[in-house]
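Numbering-wise, the working numbering comes out as the position in the sequence shown, counting from 1, plus 456. We treat Cβ as the ideally placed atom computed from N, Cα and C, and that holds for glycine. All values derive from a computational prediction rather than experimental measurement.
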Amino acid sequence: QVHLVESGGGLVQPGGSLRLSCVVSGSIFSVYAMAWYRQAPGKQRDLVASITSGGNTNYADSVKGRFTISRDNAKKTVYLQMNSLKPEDTAVYYCNRYNPPWDWGQGTQVTVSS
457 QVHLVESGGG LVQPGGSLRL SCVVSGSIFS VYAMAWYRQA PGKQRDLVAS
507 ITSGGNTNYA DSVKGRFTIS RDNAKKTVYL QMNSLKPEDT AVYYCNRYNP
557 PWDWGQGTQV TVSS
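Encoded structure:
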């Protein structure tokens, strides 16, 4: 059974930064593309960023130039560096295998507010 444990969220002021981490257990990791998603209250879960097994990355237009996804295969961990945060980035952030997803973890809350 695959477990995804996200961490690193919190309350941050607009313009601030956070670094999210997601540790994967119960599965091989290095061969899969991974992704970060987010879900704001009352909205659907949206793809934020993805990274292939080879390290190629893609981003939603809303976060391009501000967020950076990376991975450490030895640690079975995927990261999301978030800079220049905006109130509209407020959401619960989840990581998962890009496609198809495993069972979802608990996510980590990111709140951007002054």
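- Among the bridge pairs identified by DSSP, residue 460 is matched with 480.
- Excluding its 5 nearest sequence neighbours in each direction, residue 522 has C-beta neighbours in its own chain below 6 Å: 539, 540, listed in chain order.
- By the criterion of a C-beta distance shorter than 6 Å, residue 501 is surrounded in its chain by 493, 495, once the five residues flanking it on both sides are discounted.
- Rounded to whole angstroms, the Cβ separation of residue 491 and residue 476 is 12 Å, and the two are not in contact under 8 Å.
- Sorting 527, 543, 462 by C-alpha distance to the C-alpha of residue 519 places 543 at the top.
- Runs of beta strand (DSSP E) with 3 or more residues, each lying fully within the region 501-546, are found at 502-507, 513-515, 523-528, 533-538, listed in chain order.
- For residue 469, the three-state secondary structure derived from DSSP is coil.
- Distance from the Cα of residue 505 is smallest, within the candidate group 487, 524, 499, for 524.
- Residue 549 sits close to residue 563, with the two beta carbons spaced by under 7 Å.
- Beta-bridge annotation (DSSP): residue 566 is paired with 466, 547.
- Take the alpha-carbon of residue 517 and the one of residue 462: they are about 23 Å apart.
- The Cβ-Cβ distance between residue 531 and residue 480 does not fall below 7 Å.
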